[in-house]
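Sequence order for the protein chains is U and V.
Mapping to the working numbering: the first sequence position 62 is 62, numbers consecutive.
Mapping to the working numbering: the second sequence position 75 is 75, numbers consecutive.
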Amino acid sequence: MAEAELRTYRDWPIAPISRPTPGALGLTGTWRTFRPIIHEERCTKCLMCWLLCPEGAIYVGEEGEPVVNYDYCKGCGVCASECRYGAIEMVREEVGA
Amino acid sequence: MAVSAGARAREGWLSLMVTGNHAAAWAVKVARVQVVAAYPITPQTTIVEKIAEFVEKGELKAEYIRVESEHSAMTACIGASAAGARTFTATAAHGLALMHECLWWAAGARLPIVMAVVNRAMGPGWNIWTDYCDTMAQRDLGWVQIYCADNQEVFDSIIQAYRLAEDPRVMLPVMVDLEAFILSHTYMPVHVPPQDEIDDWLPPLKPAWTLDPEEPITHGNLVFPAHYMEFRYLMQEAMENVKELLPKIGEDYKRRFGLTGLDFVETYRCEDADALLLTMGTMGVEARITVDRLRERGHRVGLARVRVFRPFPVEQIRGLAKGVEKVVVIDRHISYGAEGALAMETKWALYPLEEKPMMTSFIAGIGGRDVTYKDMETMALKALEWMEKGQPREGVWYGVRGLELA
Numbered sequence: 001m002a003e004a005e006l007r008t009y010r011d012w013p014i015a016p017i018s019r020p021t022p023g024a025l026g027l028t029g030t031w032r033t034f035r036p037i038i039h040e041e042r043c044t045k046c047l048m049c050w051l052l053c054p055e056g057a058i059y060v061g062e063e064g065e066p067v068v069n070y071d072y073c074k075g076c077g078v079c080a081s082e083c084r085y086g087a088i089e090m091v092r093e094e095v096g097a
Numbered sequence: 001m002a003v004s005a006g007a008r009a010r011e012g013w014l015s016l017m018v019t020g021n022h023a024a025a026w027a028v029k030v031a032r033v034q035v036v037a038a039y040p041i042t043p044q045t046t047i048v049e050k051i052a053e054f055v056e057k058g059e060l061k062a063e064y065i066r067v068e069s070e071h072s073a074m075t076a077c078i079g080a081s082a083a084g085a086r087t088f089t090a091t092a093a094h095g096l097a098l099m100h101e102c103l104w105w106a107a108g109a110r111l112p113i114v115m116a117v118v119n120r121a122m123g124p125g126w127n128i129w130t131d132y133c134d135t136m137a138q139r140d141l142g143w144v145q146i147y148c149a150d151n152q153e154v155f156d157s158i159i160q161a162y163r164l165a166e167d168p169r170v171m172l173p174v175m176v177d178l179e180a181f182i183l184s185h186t187y188m189p190v191h192v193p194p195q196d197e198i199d200d201w202l203p204p205l206k207p208a209w210t211l212d213p214e215e216p217i218t219h220g221n222l223v224f225p226a227h228y229m230e231f232r233y234l235m236q237e238a239m240e241n242v243k244e245l246l247p248k249i250g251e252d253y254k255r256r257f258g259l260t261g262l263d264f265v266e267t268y269r270c271e272d273a274d275a276l277l278l279t280m281g282t283m284g285v286e287a288r289i290t291v292d293r294l295r296e297r298g299h300r301v302g303l304a305r306v307r308v309f310r311p312f313p314v315e316q317i318r319g320l321a322k323g324v325e326k327v328v329v330i331d332r333h334i335s336y337g338a339e340g341a342l343a344m345e346t347k348w349a350l351y352p353l354e355e356k357p358m359m360t361s362f363i364a365g366i367g368g369r370d371v372t373y374k375d376m377e378t379m380a381l382k383a384l385e386w387m388e389k390g391q392p393r394e395g396v397w398y399g400v401r402g403l404e405l406a
């Protein structure tokens, strides 16, 4: 809800709903302690990581390859755990990196 | 209450001899409910059994979802209603208690679900007979609560409940309450108007939102303190709208079909009364005999049957009590450590009156113990006697061995 539109309770919808919008809570990528790195040479573009990413932070690139959006990837590691080709490596984020 | 002879004879009408539970199922059928999610529990089970039969025979085109608990039943109803379907379920006592969390959700999400609750006592001791302790424990959630007194009223209330719940000024769920066995399993005549007339009076639900992959939305998100209270105030405002709309819907239904229109309070011989007897449900009909007998003995007593408990008819009760000297309330409910809900909230109604009547309240019929017109006469006479001496009493338990009325 855009703050400017909500002056009195009459401006509220009757119940809380939300529509899809990127990053409503800001850049959640800053929560990450491990960064998923996709190794191109092992990736078969099966897109299991894209399918299973709980945050929708993996998108499909121009050549059908998975690409991580580091602005919103929280580093949960589901993609690395699910990749049956061992193509995703979780690397510790370094301070100041 | 009364059905005109004209209504009975009209073409295309069905005259049934059915239980309160089957009256509820018939209402669901002619209201063209689209999704029913249900879990069996005595004494409600025959409602959803009958609906299952309608669906199985193809007489009601509805999705019938069999779930593993009442918590799931209400959750499935919430999903179906949020997706835009007219939705129904039924439960009783412990089933209702298990739904508790989801009842909050249905109200807060402003989903016009209608649910029949067969009022049954809570265990332990395990008891399948009637009192209002199950639904009264759910009165703070944002559900409209309607209490019935006969099987026709069960049918009529469910039809009208959809019209009320689905009004854009309301969009709140409605509980239609009927007493275990006294109504749920007792056969009475019920008149069912023709389907096309019901369709005309109750058009399809126009949902606030629908489930549409082209325009996805998320329900029930995190709402911070900066925004939460406004949503909750809107629920209170919707309840205020029910106060205005419910009697109008009732009038319209009564005018159209000659059947029982919804209203907050039904009165009997109140015009010249100096004492008022207040109760609910079937006791509120039985008590007419009590009032007649009391009047024969020279007591000018009037009767008020409270038909809707949420929103509470505070203005109507205040109006009836104005100028009355004595009020007697009989509750089929106890809030342990307090008294019955009807008594407590009637006191709220009386408080602003400059000349407050005295009030005596009773707890009776808990766990299905019979409350006859004679019992109510005994209570009323005692109450009048105490108040005559200027000694009203509060929350007096009636019929408990060792607690005889002195």
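For every residue, glycine included, the Cβ atom is placed at its ideal position computed from N, Cα and C.
Since we're looking at a predicted model, the values are computed, not measured.
Close-in-space but distant-in-sequence residues of the same chain around Leu16 of chain V (CB under 8 Å, 5 per side omitted): Taking the second sequence and counting its residues from 1, one reaches residue 16 of chain V at position 16. Result list for Leu16 of chain V: His22, Ala23, Trp26, Pro189, Val190, His191, Val192, in chain order.
Residue range of the unbroken alpha helix (DSSP H) whose run includes Asn241 of chain V: Taking the second sequence and counting its residues from 1, the one referred to as residue 241 of chain V is at position 241. 225 to 257 is the span of the alpha helix (DSSP H), which, as asked, contains Asn241 of chain V.
Glu59 of chain V versus Arg305 of chain V: straight-line alpha-carbon distance, rounded: Taking the second sequence and counting its residues from 1, one reaches residue 59 of chain V at position 59. Taking the second sequence and counting its residues from 1, one reaches residue 305 of chain V at position 305. A straight-line Cα-Cα distance of about 36 Å links Glu59 of chain V and Arg305 of chain V.
Buried/exposed call for Gly61 of chain U, threshold 16 Cβ in 10 Å: Walking along the first sequence from the start, residue 61 of chain U turns up at place 61. With fewer than 16 other Cβ atoms within 10 Å, it is exposed.
Residues, ordered as in the chain, of the segment 9 to 39 of chain U that lie near chain V by beta-carbon distance below 7 Å: Tyr9, Trp12, Ile14, Ala15, Pro16, Ile17, Ser18, Arg19, Pro20
Secondary structure of Trp12 of chain U, DSSP reduced to three states: Numbered from its first residue, the first sequence carries residue 12 of chain U at position 12. The answer is coil: DSSP assigns Trp12 of chain U none of H, G, I, E or B.
Residues, ordered as in the chain, of the segment 228 to 241 of chain V that lie near chain U by beta-carbon distance below 7 Å: Cβ proximity to chain U below 7 Å picks out Glu230, Phe231, Tyr233, Leu234 from the segment 228 to 241 of chain V.
Any chain U beta carbon closer than 8 Å to Glu296 of chain V: Looking up residue 296 of chain V in the second sequence gives position 296. Taking Cβ atoms only, chain U never reaches closer than 8 Å to Glu296 of chain V, which makes this a no.
Proximity test, Cβ basis, 8 Å: Gly395 of chain V and chain U: Along the second sequence, one-based indexing puts residue 395 of chain V at 395. Closer than 8 Å: no.
Minimum C-alpha distance to Asp292 of chain V - residue among V:Gly281, V:Arg307, V:Met280, V:Leu276: Here residue 292 of chain V refers to the residue found at position 292 when the second sequence is read from its first residue. Comparing Cα positions, the closest option is V:Leu276.
Inter-residue CB distance, Phe362 of chain V and Arg307 of chain V (contact presumed, cutoff 8 Å): Here the question's residue 362 of chain V lines up with position 362 in the second sequence. Here the question's residue 307 of chain V lines up with position 307 in the second sequence. Going by Cβ atoms, the distance from Phe362 of chain V to Arg307 of chain V rounds to 20 Å, so no, they are not a contact pair.
Beta-carbon gap between Val117 of chain V and Val170 of chain V smaller than 8 Å: The count along the second sequence starts at 1 and reaches residue 117 of chain V at position 117. The count along the second sequence starts at 1 and reaches residue 170 of chain V at position 170. Note that the C-beta distance between Val117 of chain V and Val170 of chain V is not below 8 Å.
Straight-line gap, Met376 of chain V to Thr42 of chain V (C-alpha atoms, nearest Å): The sequence position of residue 376 of chain V within the second sequence is 376, counting from 1. The sequence position of residue 42 of chain V within the second sequence is 42, counting from 1. Distance between the alpha carbons of Met376 of chain V and Thr42 of chain V: 28 Å.
Pairwise C-alpha distance: Ile159 of chain V and Ala165 of chain V: The residue given as residue 165 of chain V occupies position 165 in the second sequence. The residue given as residue 159 of chain V occupies position 159 in the second sequence. Their Cα atoms are separated by approximately 10 Å.
Selection of the segment 167 to 200 of chain V by Cβ proximity to chain U, strictly under 9 Å: If the cut-off is 9 Å between Cβ atoms, the segment 167 to 200 of chain V has Pro168, Met171 near chain U.
Sheet register partners of Ala37 of chain V (DSSP bridge): Translated into positions along the second sequence, residue 37 of chain V becomes position 37. According to DSSP, which records beta bridges pairwise, Ala37 of chain V is partnered with V:Ile65.
DSSP three-state assignment for Gln468 of chain V, whether helix, strand or coil: Nothing in the structure corresponds to residue 468 of chain V, since chain V is present only between 1 and 406.
Per DSSP, the bridge partner or partners of Tyr59 of chain U: Residue numbering aside, residue 59 of chain U sits at position 59 when the first sequence is read from its first letter. Answer by DSSP bridge pairing, in chain order: U:Val67.
Any non-hydrogen atom of the ligand MG within 7 Å of Trp126 of chain V CB: Within the structure as shown, the ligand MG is missing, as the structure has no ligands at all.
Boundaries of the beta strand (DSSP E) in which Phe88 of chain V is found, first to last residue: Against the second sequence, residue 88 of chain V aligns to sequence position 88. Where Phe88 of chain V is concerned, the enclosing beta strand (DSSP E) stretches over 87 to 91.
Reduced DSSP secondary structure (H/G/I, E/B, other) of Gln145 of chain V: The residue labelled residue 145 of chain V in the question sits at position 145 within the second sequence. Strand, per DSSP.
Under 7 Å by beta carbon: chain U residues contacting Ala208 of chain V: Translated into positions along the second sequence, residue 208 of chain V becomes position 208. Correct list: Ile14.
Within chain U, partners of His219 of chain V - CB distance below 9 Å: By one-based count along the second sequence, residue 219 of chain V stands at place 219. Chain-ordered, the chain U residues with CB closer than 9 Å to the CB of His219 of chain V read Ala15, Pro16, Ile17, Ser18.
Completely contained beta strand (DSSP E) runs for the segment 11 to 36 of chain V, where each covers 3 or more residues: 14 to 18
Counterpart residues of Ile366 of chain V in DSSP-defined beta bridges: As a working note, residue 366 of chain V is residue 366 in the second sequence. Partner(s): none; Ile366 of chain V has no beta bridge.
Cβ-based burial, Lys57 of chain V [other Cβ within 10 Å; buried from 16]: Residue mapping note: residue 57 of chain V aligns to position 57 of the second sequence, counting from 1. It counts as exposed.
Coil, strand or helix - Val306 of chain V by DSSP: As a first step, residue 306 of chain V is located in the second sequence; it is residue number 306 there, counting from the start. Taken through DSSP and simplified to helix, strand or coil, Val306 of chain V comes out as strand.
Within 9 Å of chain U by C-beta, residues of the segment 100 to 121 of chain V in sequence order: Gly108, Ala109, Arg110, Leu111
Outcome for Met1 of chain U when other beta-carbon atoms lying within 10 angstroms are tallied against a minimum of 16: Translated into positions along the first sequence, residue 1 of chain U becomes position 1. Confidence at Met1 of chain U is low in this model, with a pLDDT of 49, below 50, so the placement of that residue should be treated as unreliable; the coordinate-derived value is given next. When all chains shown are included, Met1 of chain U counts as exposed.
Contacts around Thr28 of chain U, its chain only, beta-carbon distance under 6 Å, and the 5 residues preceding and following it disregarded: Within the first sequence, residue 28 of chain U is the residue found at index 28, counting from 1. Here the set comprises Tyr72, Lys74.
Cβ of Val144 of chain V within 8 Å of any chain U Cβ: Taking the second sequence and counting its residues from 1, one reaches residue 144 of chain V at position 144. Judged by the 8 Å Cβ criterion, Val144 of chain V is not in contact with chain U.
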